[in-house]
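Residue 1122 in my numbering is what sits at position 688 of the sequence shown, and the numbering runs on without skipping anything. Beta carbons are placed, not taken as given, at the ideal position from N, Cα and C, and that holds for glycine.
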Amino acid sequence: MFEKLGHLIAKRKKPILALFLLSTIFAGVVGSQVFSRFDTGGYMDPNSDSAKVWEYLDETFEVKSPAVVLVVDGKDNSVDDLSVVASAEKIEASLRSEPSAESVLSYWSAGGAPSLKSKDGNSAFIFVYLKSTDFTEIDKLGGLYQEKYDGAFEGMEVYASGGAVFANAINGRIQNDLKISEAISIPLTFLLLLFVFGAMAASAMPLIVGITAILGTLLVMLLLTLVTDVSIFALNLTTGLGLGLGIDYALLIVNRFREELAKGLDNESAIVNTLRTAGKTVFYSGVTVVLTLLSLTFFPQNFLKSMGYAGAAVVALAVVGALIPLPAILALLGTKINKGVVRKGGIVQKEDGRWSKVARFVMRRPIGVITASLAVLFLMIAPIANIKFSQVDSGVLPRGDRAYIASQFIADEFPGQESNPIEIVFPNGASQTSEINAFLNQVSATQGISRVGQIELVGESARVVAIHSMQPRTSEGEALIKELRNLPSPDGTLIGGAAADYADTQNAISSTLPAVLGWIIITVLLLLFAFTGSVLLPIKALILNFISLAATMGVLTWVFIDGNLKFLVGDFIETGSLDTNTMVLIAVVAFGLSMDYEVFLLSRIKEEHDAGNSNIDSVAMGLQKSARIITAAAFILAVVFAAFVISGVTSIKMMGFGVAFAILLDATLIRAFLVPALMRLFGNWNWWAPRSLKRFQINH
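Next up, the structure:
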């Protein structure tokens, strides 16, 4: 298949390139419209009790959550002081005149409701309910309300918070940070490629594949927004994976093409041989990463689903770019691929160099190398004992962000989570009055509950609001929800609200993980067996990858929970926990990329083994011919993701650091030391498989 593709591309290179160019321009122009359609939410399990509660509130009780929450702080003056009342009424009148505001409710318009007043009596809430239900519009309005109302007013201080303001703060920072990270990573990447390839023309090839994969994925994400919500965070993942894997795959293809040219082959023969070897490796590597990323779609949350779809799309497009337009460009350039020489060492590939010497050194002392490597890895794993999980809230923003300052002021000054209540719905409440009252008495007596509201009846359904004292998206909030759900309650009782969202999301992730792990383990074992024809090597790859992931989790705990390395990753708010969704994302992406490098390495080792070389020589020569590319690709990919560390959003900072660290750990300690040491110990057992399974092996 790959040989036929090579002949076709070599003969039809100009039409292929023309079609590729037109497709890329179309994808870029149309796909750029996706930027205004991203969602900052998507963390809720749509099948959970909390999701059903939101449906009841919307459809039956016609209840909306306030999109904008303002707090008027009279500073040293009481909210009942005449001057504060007069100023607050001006603000409220201005809010009511906003064309986007459907209704406004405040401490003052509600007749001095105690629940809307701070514990010191100097601050009070104003809730703004918007007409629009469109996420993009609400996002923009959040920024407009914050700009207009947040800040000093007539000797008072006004704080703007709420979902719309938070969404705008997150989206704005991510988009600005993305521009900065791309401005850093793309030029730096080109300089690194120039060093690796040693020639201007060759250095441009990986960027072409990476950038076109990103543009194509923007179009895919735009189409996805027509049928589902797509997380704003998918933008960072798309950029990182598109640029990184585009570079990985292009490095492999271009390097092999130059090897074939160096043998004296003509352009067409060089292209055919390149696709037959490196092209096949890129294809199966890409399939492995795509299948790994698709495991994210098993989770019910749109945040993780959109990451899975976007990640799989950008990897698939990077593979397509490396297998079709890139070989067409190479066929057109031929030996001109080495034009613009800046470093001769980047062009000549040595048969026996430093990587071969490293491999032979490791294989002379396999037990010692394995012992030392595992000791380092378990030292990295140790901090994982302190790991705790939470979800994205205002704590992901920088300390100086006004949305964060507002949320902290609310948390400090108001005893209960008035804007984040627990919502209790009784679908058959009209006939359950006595049972409901008995249940509510237990709720009132539960530690952490500040107050319980009155029963509201609409038709057969009843609704009650309970205010709690702790932050909703925390382990304490989750424990409270579990305690309430364990109380004897009327049939059909549903408990929702922000804290319940969090509890249901954590439960959805933990209950889906076994299926995700099963999918990853089975697909990786099958694909690596088909690729290598070995039973042992796929098992070894899985075990090493899981150890590497555990080490990454331990280091992330040490940095983002214990607060270390701020001089390197920048300042962030220590919340004492790691975002669950981000950690799942890091784990899946890092695992996929690790398998990417595993396929790269095993491909060359197997090629040498199939040529009749001994186990030791196959490993040494395979490492020599692949480690340079793997190390360069890993370092460049790490740079791409590490650029996200500049982000002011902690979850993006965490993703950038986590993936970059996992990549570098895998390409150095794992691939350069543990893999050759273990392959030396296994000897000829590396390539063993039952004869009955040999027919399922890919013929190399």
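- Per the Cβ contact rule, the region 630-637 is not in contact with the region 437-457 (fewer than 3 Cβ pairs under 8 Å).
- Remark: C-beta atoms of Y936 and R907 approach each other more closely than 8 Å.
- When the Cα atoms are used, K574 and A501 turn out to be separated by approximately 12 Å.
- Taking 8 Å as the cut-off, the Cβ atoms of S909 and S841 do not count as close.
- The alpha-carbon of I883 is positioned some 9 Å away from that of L914.
- Short of 6 Å from the beta carbon of F963, and not among the five residues preceding or following it, lie these beta carbons of its own chain, in chain order: P972.
- Taking a contact as a CB-CB distance under 8 Å, the pair L983 and A1021 counts as one, their CB atoms being some 6 Å apart.
- The C-beta of P734 has 16 or more other C-beta atoms within 10 Å across all chains shown, which makes the residue buried.
- As computed with DSSP, F1091 is found in no beta bridge at all.
- Every alpha helix (DSSP H) of 4 residues or more that sits fully in the region 438-485 is shown, in chain order, as 447-465.
- A check of alpha carbon separations from G555 across V599, F848 and A461 identifies F848 as the nearest.
- Checking the DSSP bridge columns, you'll see S944 has no partner listed.
- Note on the region 540-600: whole beta strand (DSSP E) runs with a minimum of 3 residues are 557-564, 585-587 and 590-595, in chain order.
- In the structure shown, G930 falls within a strand segment according to DSSP collapsed to helix, strand and coil.
- Separation of I608 and S1052 (C-alpha to C-alpha, rounded to the nearest whole angstrom) is 46 Å.
- Under the DSSP assignment, V505 falls in the beta strand (DSSP E) whose first and last residues are V502 to D507.
- P817 and V468 have their C-alpha atoms some 40 Å from each other.
- Taking 8 Å as the cut-off, the beta carbon of V1003 is found closer than this to the beta carbon of V1079.
- Taking the Cα positions, P948 is about 11 Å away from A942.
- Counting only runs of at least 4 residues, the region 753-827 fully encloses the following alpha helix (DSSP H) elements, listed from N- to C-terminal order: 759-767, 788-798 and 800-815.
- If you draw a straight line from the Cα of V538 to the Cα of S482, it comes to about 30 Å.
- Apart from the 5 residues on each side of it in sequence, V803 sits with its Cβ closer than 6 Å to the Cβ of V796, F1107 and A1111 in its chain, given in chain order.
- Going by beta carbons, L622 and G440 fall outside the 8 Å limit.
- Put simply, the region 1008-1017 touches the region 985-995. At least three CB pairs are less than 8 Å apart.
- Closest by C-alpha distance to K524, out of A750, Y583 and G545, is Y583.
- Approximately 58 Å separates the beta-carbon atoms of V706 and E912; this is outside 8 Å, ruling out the contact.
- Distance from the CA atom of H902 to the CA atom of P855, rounded to whole angstroms, is 7 Å.
- Closest in alpha carbon position to S1028, among S1081, V664, T986 and L504, is T986.
- L649 has its alpha-carbon roughly 17 Å from the corresponding atom of A684.
- The alpha carbon of K714 has as its nearest neighbour, out of D1030, F1091 and L504, the alpha carbon of D1030.
- By the neighbour-count criterion, in which 16 or more other beta carbons inside 10 Å mark a residue as buried, V810 falls on the exposed side.
- If you draw a 10 Å sphere on the C-beta of M435, you find fewer than 16 other C-beta atoms in it, and that means exposed.
- Beta-carbon to beta-carbon, L970 and W1119 are separated by about 6 Å, close enough to satisfy the 8 Å threshold.
- Around the Cβ of I681, a 10 Å sphere holds 16 or more other Cβ atoms; the residue is buried.
- Cβ neighbours of A1123 within its own chain (closer than 8 Å, five residues either side excluded): F963, G967, S968, V969 and Q1131.
- Secondary structure note for E693: its alpha helix (DSSP H) is the uninterrupted segment F667 to A696.
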